[in-house]
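Novice: Protein chains in written order, with this note's numbering: chain A, 1 to 134; chain B, 1 to 176.
For each residue, glycine too, the CB sits at the ideal point set by N, CA and C.
Note that this is a predicted model, so its numbers are computed, not measured.
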Amino acid sequence: MNFTKGLLLGLTSGILSSGVCIAYNEIYSEAFYINFSSVLTITGIVLSSILGCLLMAMGYVIITKLKKTVLIPWLNVLYCILSFVSVISVLGYKLPLDVEFPEMFPGLAVPMHFFPTLSFLALVPFFLKLKTTK
Amino acid sequence: MKKTAFFMSVLLLIGGVFAFIQVPAWKVAKDYNIEFSAKGVDGVFKTFTATISFDEAKLAASRFVMTIDVNSINTGNGLQNKHAVSDEWFDAEKYPNIRFTSSSFEKTASGYSVKGKLQVKDVTKEVTIPFTFSKSGSKGKFAATFSIDRFAYNVGKSGGDVENNIKITATIPVTK
C-alpha cells in the first residue's frame, strides 16, 4: 500500500468511524436522557477518529515499505488489542463534577473506542490487492 | 380574678422571653456546594438538606441540623461513585445519610465555630467546625472549610490510595 492509498484509507475510514460515533452518540443520548456534550464534542470525535484511522493506515504503509506484508494479519490483531486496551482510559476517566450520571459515560465512550478499528478493518479490503486462488 | 391576672402575666412573660430569644430561620438556596477532597479523590455531595436557625447576636439560641444524602455522591467517575457507596466506604444502603447536629456556637477571630455531633455511618463524634457568615438583607452565606479523619468514622480502610484526612469545603447560600 503506497502513501496516497494509505492516506485515502485513513481518511475514508476515519470519516466512516466519525459518522458511526456521532450516530451512536445521538441514539445513546436520546435513549438515556443524558448529555455528555461538554466532554465528547463532535470536533473531538471527528478528529480522534480520523487521527486513529490515519495512524492505522500508516502502519500498513510502513509494513508495505518494509516488504513485510505477511505481518498484516498480526497488525490487525495489534489494532484490535490496542482498541481494547484503550477502554481502560474510559473506565478511569474523571468527568467534571457538574456532569450528571457519570456512570453512564462508559456505555457511550467504550464502543466509540472500537469504531475506528471496525471501520478501518471494514474498508481495508477495498484498498488492498487481495490474492485470489483459482 | 387575681389568680387569672397572675397566670396571664406569667404567660405573657414566657411569650416575651421566647420572642426575644427566637432566632431567624434560614432556608438553603439551590446553589449550595458540599465538596470533599483528598489525595486520591475529590467530589461533591449533590443533595443536602438543613434546618438553620442562626443569629450572630443570639448564638446561644442558634441551631444547625444538616443531612447529606450519601447516595448523591459524585466523584466524576461512575465506578468510583459505586465504590464510594459500597459497604467498604459509606455503606449507603445501611447508612443513607451523614448528619450534623449543633450543640453550641462561639464567636472566633475569623468568624464563628460550631460544636456538634457528626454522624457518619454508625459512628458519632463531637466535632468543632469553623465557619464564616456573611449577610446582606434577607440573604446570607455560610462558608466552612475543615478536615475529618475518614478512618475515625470507618469510611474505607486506613492507608491505600485515598488519604485519611479529607478536606470538606461547604458553601451554603441561604435566604430568610
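I'd like the list of long-range same chain contacts for V17 (chain B), defined as Cβ closer than 8 Å, with 5 residues on each side in sequence excluded.
Specialist: The sequence position of residue 17 (chain B) within the second sequence is 17, counting from 1. Caution is warranted here: a pLDDT of 49 is assigned to V17 (chain B), below 50, making its placement in the model unreliable, and no coordinate value can be reported.
Novice: Cα separation between F20 (chain B) and K141 (chain B)?
Specialist: As a first step, residue 20 (chain B) is located in the second sequence; it is residue number 20 there, counting from the start. As a first step, residue 141 (chain B) is located in the second sequence; it is residue number 141 there, counting from the start. In this prediction, F20 (chain B) has a pLDDT of 48, which is less than 50 and means its spatial position is unreliable; what the coordinates show is noted afterwards. Cα-Cα distance, rounded: 24 Å.
Novice: Which of helix, strand or coil does DSSP assign to A122 (chain A)?
Specialist: Taking the first sequence and counting its residues from 1, the one referred to as residue 122 (chain A) is at position 122. Three-state result, A122 (chain A): helix.
Novice: Using a Cβ-Cβ cut-off of less than 8 Å, give me the residues of the segment 59–71 of chain B that come near chain A, in sequence order.
Specialist: none
Novice: Counting only C-beta atoms, is V17 (chain B) closer than 7 Å to chain A at any point?
Specialist: For the purposes of this step, residue 17 (chain B) is identified with residue 17 of the second sequence, where counting begins at 1. Here the model assigns V17 (chain B) a pLDDT of 49, short of 50, so the residue's position is not dependable, and the following value carries that caveat. No, its Cβ sits nowhere closer than 7 Å to a Cβ of chain A.
Novice: Closer than 9 Å, Cβ to Cβ, to anything on chain B: give me those residues from the segment 78–94 of chain A, in chain order.
Specialist: L91, G92, Y93 and K94
Novice: Report the start-end ranges of each alpha helix (DSSP H) in the segment 32–89 of chain A that is 4 residues or longer and not cut off at the edges.
Specialist: For the segment 32–89 of chain A, whole alpha helix (DSSP H) runs of length 4 or above, ordered along the chain, are 42–65.
Novice: Please give me, in chain order, every unbroken run of the beta strand (DSSP E) with length at least 3 that falls completely inside the segment 39–122 of chain B.
Specialist: Whole beta strand (DSSP E) segments, 3+ residues: 41–45, 48–53, 63–69, 97–107 and 112–120.
Novice: Take the Cβ of P125 (chain A) as the centre, count every other Cβ of all protein chains shown within 10 Å, and call the residue buried at 16 or more, exposed below.
Specialist: One-based indexing of the first sequence puts residue 125 (chain A) at position 125. Flag for P125 (chain A) reads exposed.
Novice: With 16 as the cutoff for other CB atoms within 10 Å, does I81 (chain A) come out buried or exposed?
Specialist: By 1-based counting over the first sequence, the position of residue 81 (chain A) is 81. By the neighbour-count rule (16 or more Cβ atoms within 10 Å), I81 (chain A) is not buried but exposed.
Novice: Alpha carbons only, please: which of B:S86, B:V120, B:I129 and B:A29 is nearest the one belonging to E106 (chain B)?
Specialist: Reading the second sequence from its first residue, position 106 is the one you call residue 106 (chain B). Closest by alpha carbon: B:I129.
Novice: Have a look at T117 (chain A) and L108 (chain A) and give me their C-alpha separation to the nearest angstrom.
Specialist: Here residue 117 (chain A) refers to the residue found at position 117 when the first sequence is read from its first residue. Here residue 108 (chain A) refers to the residue found at position 108 when the first sequence is read from its first residue. Across the structure, T117 (chain A) and L108 (chain A) are spaced so that their CA atoms are roughly 17 Å apart.
Novice: Quick one, which of B:T175, B:L79 and B:S147 has its alpha-carbon nearest G137 (chain B)'s?
Specialist: Numbered from its first residue, the second sequence carries residue 137 (chain B) at position 137. Checked all of B:T175, B:L79 and B:S147; the closest Cα to G137 (chain B) is B:T175.
Novice: So who's on the other strand from K144 (chain B), going by DSSP bridges?
Specialist: Here residue 144 (chain B) is taken as the residue at index 144 of the second sequence, counted from 1. Here the sequence assigns Ala to residue 144 (chain B), which means Lys is not the residue at that position. Its beta-bridge partners are B:F131 and B:A170.
Novice: Look at the alpha carbon of L16 (chain A) and the alpha carbon of G10 (chain A), and state the distance between them as a whole number of angstroms.
Specialist: On the first sequence, residue 16 (chain A) is found 16 positions in, with the first residue counted as 1. On the first sequence, residue 10 (chain A) is found 10 positions in, with the first residue counted as 1. Answer to the nearest angstrom: the Cα atoms are 10 Å apart.
Novice: Say whether chain B places a C-beta atom closer than 7 Å to the C-beta of L128 (chain A).
Specialist: For the purposes of this step, residue 128 (chain A) is taken as the residue at position 128 of the first sequence. Under the 7 Å criterion on CB atoms, L128 (chain A) is classed as non-interfacial with respect to chain B.
Novice: Can you check whether the CB of I98 (chain B) is closer than 7 Å to the CB of V120 (chain B)?
Specialist: Working through the second sequence from its first residue, we reach residue 120 (chain B) at position 120. Working through the second sequence from its first residue, we reach residue 98 (chain B) at position 98. Cβ atoms of V120 (chain B) and I98 (chain B): closer than 7 Å.
Novice: Please identify the residue among B:N164, B:G159, B:A144 and B:K139 whose C-alpha is closest to the C-alpha of R150 (chain B).
Specialist: The residue you call residue 150 (chain B) lines up with position 150 of the second sequence. Closest by alpha carbon: B:N164.
Novice: By the three-class DSSP mapping on this structure, what secondary structure does V110 (chain A) have?
Specialist: Within the first sequence, the letter at position 110 stands for residue 110 (chain A). Correct three-state label for V110 (chain A): helix.
Novice: By Cβ distance, which residues of its chain are closer than 7 Å to G6 (chain A), with the 5 residues on each side in sequence left out?
Specialist: Here residue 6 (chain A) refers to the residue found at position 6 when the first sequence is read from its first residue. Hits under 7 Å: A57, M58, Y60 and V61.
Novice: Three-state secondary structure (DSSP) at F3 (chain A)?
Specialist: Residue 3 (chain A) sits at position 3 when you count from the first residue of the first sequence. The answer is helix: DSSP assigns F3 (chain A) an H, G or I state.
Novice: My output table needs one value for F115 (chain A): the three-state DSSP class, helix, strand or coil.
Specialist: Translated into positions along the first sequence, residue 115 (chain A) becomes position 115. In the three-state reduction of the DSSP assignment, F115 (chain A) falls in the helix class.
Novice: Could one say the Cβ of G140 (chain B) lies closer than 7 Å to chain A's Cβ atoms, at least one of them?
Specialist: Position 140 of the second sequence holds residue 140 (chain B). Taking Cβ atoms only, chain A never reaches closer than 7 Å to G140 (chain B), which makes this a no.
Novice: If the cut-off is 7 Å on Cβ atoms, which residues from the segment 35–55 of chain B count as contacting chain A, listed in chain order?
Specialist: Listed in sequence order: G43 and V44.
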